[in-house]
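Residue numbers (this note's numbering): 4 to 693. Structure, as structure tokens:
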């Protein structure tokens with residue numbers, strides 16, 4: 004007996020056992036650690052175990068068929084065999100049962116097994132894709148332990164893969180290539196998953212999230228390829244003595260497992276197209292030899308490019324070495340704008356952040372976004388009766404109205420829409436990165452908390468106080484400026500207490516308004532309140548005008564009213580001393596008053612002074628007249644008579660002509676109404692009189 008079939012059979016059984024062991028390790032490791040990707044790769048390893056099971060059965064049957072052929076050859080050479088069997092055909096029929104079972108296995112059961120493997124891979128891949136978003140978050144633990152064990156699995160799988168692939172170079176052992184290719188895929192996935200788990204230990208979680216999608220998608224792709232190969236294998240012509248490739252022998256994994264086969268296939272296609280042996284030219288041979296070094300050089304160049312860090316003017320960078328951002332002296336590895344060098348990944352990892360860029364949060368609303376760019380769209384106008392954004396959130400505000408003014412069943416709270424855009428920038432990059440896992444989300448939560456607390460104690464009534472001045476504390480009025488200052492201070496203090504490492508640049512409160520459904524009613528209330536305010540202001544203006552006209556000022560009028568009330572109370576209660584004192588104070592205050600009262604008082608004083616002066620002057624004049632009468636009675640009488648004429652005939656020119664009554668002289672008087680133009684005209688009058 005030869006070992007042509009026993010050796011690959013042993014390889015298949017060993018690979019099957021190791022695949023089952025690796026499946027158990029990965030399965031229980033995934034359940035213990037809580038990492039979904041580790042559990043997913045366990046089912047890929049189980050797919051490799053199924054392939055090795057089919058290969059073990061196939062090579063076992065080949066071993067039996069080969070043993071059968073050896074036995075038949077030995078019996079044919081044995082001369083005594085003719086006594087046992089009468090014919091050669093009868094002997095071949097009895098001894099070819101193992102070969103018939105092998106033919107039946109390779110013709111029917113291998114395609115059936117391929118279809119079952121394809122169904123398994125596709126169904127399991129779809130199931131794993133659905134499990135990527137669990138309803139309940141699963142805690143994870145010990146990523147480094149998982150990474151070490153998966154590295155061992157990847158290493159052993161790689162060794163088995165290369166060994167099986169090397170054996171598949173023999174034509175009789177070609178089926179081992181299917182298991183070797185699948186094990187190589189398992190080794191690559193396990194090694195990539197181990198690197199991702201190591202990155203997770205250093206808080207670099209993105210590769211592990213990607214691997215969660217890679218494993219299910221890879222299973223679906225391999226299952227689809229196996230299903231397609233199964234269908235095509237049905238219509239493929241079969242030539243006797245030619246190797247028939249199994250449907251579960253992946254061509255995609257074969258590209259990774261045997262890259263030289265791709266070049267050989269490509270060379271054959273080129274030779275066929277050009278009609279001569281292009282693959283035998285010196286250039287093709289040079290390219291075939293240099294392609295692997297060139298690819299390796301390109302990979303090395305790209306890897307070494309991770310040593311260069313370009314920091315833009317608006318950026319800052321922190322470099323982690325093995326997950327630690329600080330050097331041995333405790334200083335943070337902080338890079339400013341410019342070109343810097345570091346150790347290659349994953350030894351050093353650079354984290355860039357735009358510290359000079361203004362970032363924005365939208366508190367209380369979700370803005371409309373441009374479907375093409377995804378950027379927030381600016382609202383043309385903020386009208387109370389319209390919905391401004393994609394969605395707006397309501398906040399509770401306490402009402403100042405008492406229970407006696409509220410309608411039956413109404414609660415003493417109100418709802419307002421608050422649209423508060425917040426702009427901030429990073430001021431401390433180290434605190435921003437390492438203080439919290441998601442500082443932007445924490446800042447948003449702080450903004451909602453502070454806005455809710457402030458709104459609960461704020462005012463929204465658009466009213467005036469008793470002095471007639473607008474209430475500066477109303478959120479729907481002039482109180483927004485004060486609200487902006489208070490909220491900015493509170494949010495900044497809370498962010499500093501939490502160690503967010505951010506600085507508020509702008510906080511807008513212009514979007515505070517009542518819900519659009521009640522905006523018309525609210526505006527009607529505002530109109531009524533404004534009309535009431537107008538009446539109050541008009542009354543106060545009339546009061547100020549009246550009191551200012553009478554007293555000179557409102558304060559002086561109230562002071563006089565208080566003194567008058569106190570004076571009347573003192574008189575009513577019989578407090579004489581207080582009444583006298585208050586009376587004097589009232590007189591002094593009244594004397595200092597201005598306006599109409601001041602005018603009336605001054606006119607009364609002038610009139611009293613005038614009457615007293617005239618009475619005194621009249622008495623003195625009468626005394627003088629008595630003296631004049633006694634001195635010259637006749638002259639006094641004539642003087643009084645002329646005075647009476649002057650008073651009785653005002654506005655008439657009067658002439659006095661003195662003549663002797665006994666004289667017969669004729670007097671001619673010129674009565675023309677002509678005023679003298681100068682003193683010389685007087686002489687003319689005298690001449691005419693003469």
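Don't be surprised by glycine CBs; every beta carbon is placed ideally from N, CA and C.
Item, Value
"Span of the alpha helix (DSSP H) around residue 456", "442–459"
"Inter-residue spacing [alpha-carbon to alpha-carbon] between residue 511 and residue 426", "9 Å"
"DSSP bridge partner residues for residue 238 (one or two, in chain order)", "DSSP, once it has assigned bridges, lists no residue as partnering residue 238."
"Opening and closing residue of the alpha helix (DSSP H) in which residue 33 lies", "9–36"
"Spatial neighbours of residue 11 in its chain, beta-carbon cut-off 7 Å, leaving aside the 5 residues before and after", "62, 170, 176 and 179"
"Nearest-angstrom beta carbon gap, residue 449 and residue 494 [assumed within contact, 8 Å]", "6 Å"
"Three or more C-beta pairs below 8 Å linking the segment 150–160 and the segment 20–36", "yes"
"Expected contact under 8 Å - CB spacing of residue 223 and residue 124 to nearest Å", "7 Å"
"Close beta carbons around residue 200, own chain, < 6 Å, minus the five adjacent residues each side", "146, 149 and 150"
"For residue 219, three-class secondary structure by DSSP", "helix"
"Top-ranked residue by Cα proximity to residue 121, from 440, 22 and 232", "232"
"Coil, strand or helix - residue 380 by DSSP", "coil"
"Residue 128: first and last residue of the uninterrupted alpha helix (DSSP H) it sits in", "113–133"
"Element boundaries [beta strand (DSSP E), containing residue 324]", "319–324"
"For residue 424: DSSP bridge partner residues", "365"
"Validate contact between the segment 13–23 and the segment 54–73 using beta carbons, cut 8 Å, 3 pairs", "yes"
"Which of helix, strand or coil DSSP assigns to residue 63", "helix"
"Segment limits, alpha helix (DSSP H) that includes residue 147", "146–170"
"7 Å Cβ cutoff met for residue 33 and residue 41", "yes"
"Contacts around residue 237, its chain only, beta-carbon distance under 8 Å, and the 5 residues preceding and following it disregarded", "114"
"Residue nearest to residue 9 in terms of C-alpha spacing, selected from 24, 67 and 55", "67"
"Beta-carbon gap between residue 429 and residue 437 smaller than 7 Å", "no"
"Span separating the alpha-carbon of residue 206 from that of residue 530", "59 Å"
"Classification of residue 368 by the beta-carbon crowding that lies within 10 angstroms, buried from 16 upward", "buried"
"Sequence-distant residues of its chain with Cβ nearer than 6 Å to residue 343 (five each side left out)", "312"
"Element boundaries [alpha helix (DSSP H), containing residue 204]", "179–204"
"Alpha carbon of residue 22 to alpha carbon of residue 111, nearest angstrom", "25 Å"
"Beta-carbon spacing of residue 127, residue 55 below 7 Å", "no"
"CA-to-CA distance, residue 324 to residue 347, given in whole angstroms", "10 Å"
"Span separating the alpha-carbon of residue 321 from that of residue 203", "18 Å"
"Residue 252, buried or exposed, once every other Cβ within 10 Å from all chains shown has been counted against 16", "buried"
"Range of the contiguous alpha helix (DSSP H) that encloses residue 499", "483–501"
"Cβ neighbour criterion (16 or more within 10 Å) applied to residue 391", "buried"
"Host alpha helix (DSSP H) of residue 557 (start-end)", "557–576"
"First and last residue of the uninterrupted beta strand (DSSP E) at residue 342", "341–344"
"Chain E contact for residue 216 (CB, 7 Å cutoff)", "Chain labels in this structure do not include chain E; a single protein chain is all it has."
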